[in-house]
Amino acid sequence: MLSADTVKNLAREVGFDLCGIAPAEAFPELRFLDDWLERGYAGEMGYLARTARRRADVRRVVPSARSVVALGTVYNTDRPYSTEVDDPDAALVSRYAWGEDYHDVLGRRMEVLLERMRAAAGEPFEARCYVDTGPVQERVYAQYAGIGWIGKNTCLIHPEKGSWLFLSEIITSLPLAADAPQLDQCGTCTLCLEACPTDALREPWVLDATRCLSYLTIELRGPIPEGRRADVGTHVYGCDICQDVCPYNAAPARSSDPAWQPVPALDEPRLADLWRRSDERVGELLQRSALSRAKLVGLRRNVAVALGNSGTEASEAALAEPTTPETASRGEPVVAELVDWARRRIAEEPPSE
Numbered sequence: 008m009l010s011a012d013t014v015k016n017l018a019r020e021v022g023f024d025l026c027g028i029a030p031a032e033a034f035p036e037l038r039f040l041d042d043w044l045e046r047g048y049a050g051e052m053g054y055l056a057r058t059a060r061r062r063a064d065v066r067r068v069v070p071s072a073r074s075v076v077a078l079g080t081v082y083n084t085d086r087p088y089s090t091e092v093d094d095p096d097a098a099l100v101s102r103y104a105w106g107e108d109y110h111d112v113l114g115r116r117m118e119v120l121l122e123r124m125r126a127a128a129g130e131p132f133e134a135r136c137y138v139d140t141g142p143v144q145e146r147v148y149a150q151y152a153g154i155g156w157i158g159k160n161t162c163l164i165h166p167e168k169g170s171w172l173f174l175s176e177i178i179t180s181l182p183l184a185a186d187a188p189q190l191d192q193c194g195t196c197t198l199c200l201e202a203c204p205t206d207a208l209r210e211p212w213v214l215d216a217t218r219c220l221s222y223l224t225i226e227l228r229g230p231i232p233e234g235r236r237a238d239v240g241t242h243v244y245g246c247d248i249c250q251d252v253c254p255y256n257a258a259p260a261r262s263s264d265p266a267w268q269p270v271p272a273l274d275e276p277r278l279a280d281l282w283r284r285s286d287e288r289v290g291e292l293l294q295r296s297a298l299s300r301a302k303l304v305g306l307r308r309n310v311a312v313a314l315g316n317s318g319t320e321a322s323e324a325a326l327a328e329p330t331t332p333e334t335a336s337r338g339e340p341v342v343a344e345l346v347d348w349a350r351r352r353i354a355e356e357p358p359s360e
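If you're matching positions, the sequence shown starts at 8 in our numbering and goes up one per residue.
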């Protein structure tokens, strides 16, 4: 019979930084999703309501499930993020999207891990792998697997490695020995709530996604609401502010894994450079990274808003350039609306050098 220790050793060999085992149970925290949905905090993410019943218990995903192998992967690199960048022309991209698409990378690694588990088990068992795509409340199972606790910013936090972690899991019929759950260590700290620019963290552990910059720049498909555009600042994809200010990320673990190092186009990118990229070159960038979630028009929309908020001469010059056949997406209605807004915003406040 395959042991939990063997699974953890195999996970390290494959390249995962953290591995813990949680029992396949319907933990009390899983029930909060229904209340969260009723509050309207999911916005346009209708898939969450459609899969809510399955998300309440992994045994509704894998009926034979007895264990959840929770995996954590550090993706932090040695580049600065928003609270360290004082440059209005910088395009802020969420750290997890700087390198290769984690869905693909971790998906391949989990398949290798599962193959090795099957070889070591010597007997058949059922299993299913997920990387942030299935109907699984990953953070809850990761907490019960002992690899971290859910912080007040709703991110999983490891006491030594911080919260720059990709989560993934293997739901299996194997009866593996479970780890002790991780206990909350946020204490009285509320830095994440105070730092959120849109007050999206309505209370500790409760995120109103419709206010979150990650939702506005990634999940939202139409125009960004006018009342929220200034809040976006120069974020063009996601937001990491609530993680950046977390004390457990003051000296977080760093990864040297080539997969997570910034690709050239996202290595401290400039707003004007992203705006001037042809649709073909933007498309190539989207194909290789997690930025694909926003799609071409969504990314263009975000950059237009950020250029308006930047308000520099470089931003004004970029917005003044005509749309060409190579940059046809800049003429899409949702983008054009934001370009007009950005130009008006800059006109109201003279550009800075």
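Virtual Cβ for every residue (Gly too), placed ideally from N, Cα, C. Since this is a predicted model, take the numbers as computed values, not measurements.
Classification of residue i by the beta-carbon crowding that lies within 10 angstroms, buried from 16 upward
i, result
"Tyr54", "exposed"
"Thr217", "buried"
"Gly305", "buried"
"Arg115", "exposed"
"Phe39", "exposed"
"Gly194", "exposed"
"Arg284", "buried"
"Met117", "buried"
"Thr331", "exposed"
"Gln294", "exposed"
"Leu190", "exposed"
"Glu176", "buried"
"Ala184", "exposed"
"Val119", "exposed"
"Gly229", "exposed"
"Asp206", "exposed"
"Asp108", "buried"
"Thr140", "exposed"
N-terminal and C-terminal residue of the alpha helix (DSSP H) that residue i is part of
i, result
"His110", "Tyr109 to Ala128"
"Arg236", "Glu233 to Val239"
"Val202", "The displayed chain sequence assigns Ala, not Val, to residue 202. That run of the alpha helix (DSSP H) goes Leu198 to Ala202."
"Tyr54", "Gly53 to Arg57"
"Arg352", "Pro340 to Glu355"
"Ser322", "Glu320 to Ala327"
"Ile248", "Ile248 to Asp251"
"Gly315", "Lys302 to Ser317"
"Leu44", "Phe39 to Glu45"
N-terminal and C-terminal residue of the beta strand (DSSP E) that residue i is part of
i, result
"Ser175", "Leu172 to Thr179"
"Glu210", "Leu208 to Glu210"
"Thr13", "First-last for Thr13: Ala11 to Val21, but that is the alpha helix (DSSP H), not the beta strand (DSSP E)."
"Ala279", "It is not in any beta strand (DSSP E) - Ala279 instead sits in the alpha helix (DSSP H) that spans Leu278 to Arg283."
"Tyr244", "His242 to Tyr244"
"Ser74", "Ser74 to Val81"
"Arg135", "Ala134 to Tyr137"
"Gly155", "Run containing Gly155: none; DSSP gives neither H nor E here."
Beta-carbon separation (whole angstroms), residue i vs residue j, contact threshold 8 angstroms
i, j, result
"Val147", "Leu37", "6 angstroms"
"Ala152", "Ala29", "4 angstroms"
"Ile240", "Asn309", "The sequence shown places Gly at residue 240, not Ile. With a Cβ gap of about 11 angstroms, Gly240 and Asn309 do not count as contacting."
"Val252", "Cys199", "6 angstroms"
"Pro259", "Asn83", "5 angstroms"
"Asn256", "Ser170", "6 angstroms"
"Ala134", "Leu121", "6 angstroms"
Cβ of residue i within 9 angstroms of any chain D Cβ
i, result
"Tyr54", "Within the model displayed, chain D is absent; a lone protein chain is all it includes."
query = Between the segment 317-334 and the segment 273-286, do at least 3 Cβ pairs fall closer than 8 angstroms?
reply = The segment 317-334 makes contact with the segment 273-286, as at least three CB pairs between them are under 8 angstroms.
task = Flag this pair as touching only if the segment 155-167 and the segment 251-267 have three or more C-beta atom pairs under 8 angstroms; answer yes or no.
result = A contact between stretches requires three or more CB pairs, one per stretch, nearer than 8 angstroms, and the segment 155-167 meets this requirement with the segment 251-267.
query = Can at least three beta-carbon pairs, one atom from the segment 164-180 and one from the segment 71-79, be found at a separation below 8 angstroms?
reply = Yes: at least three Cβ pairs fall under 8 angstroms.
task = Could you say if the segment 89-109 and the segment 56-70 meet the contact criterion of at least three C-beta pairs nearer than 8 angstroms?
result = Segment contact: the segment 89-109 against the segment 56-70, fewer than three CB-CB distances shorter than 8 angstroms; contact not assigned.
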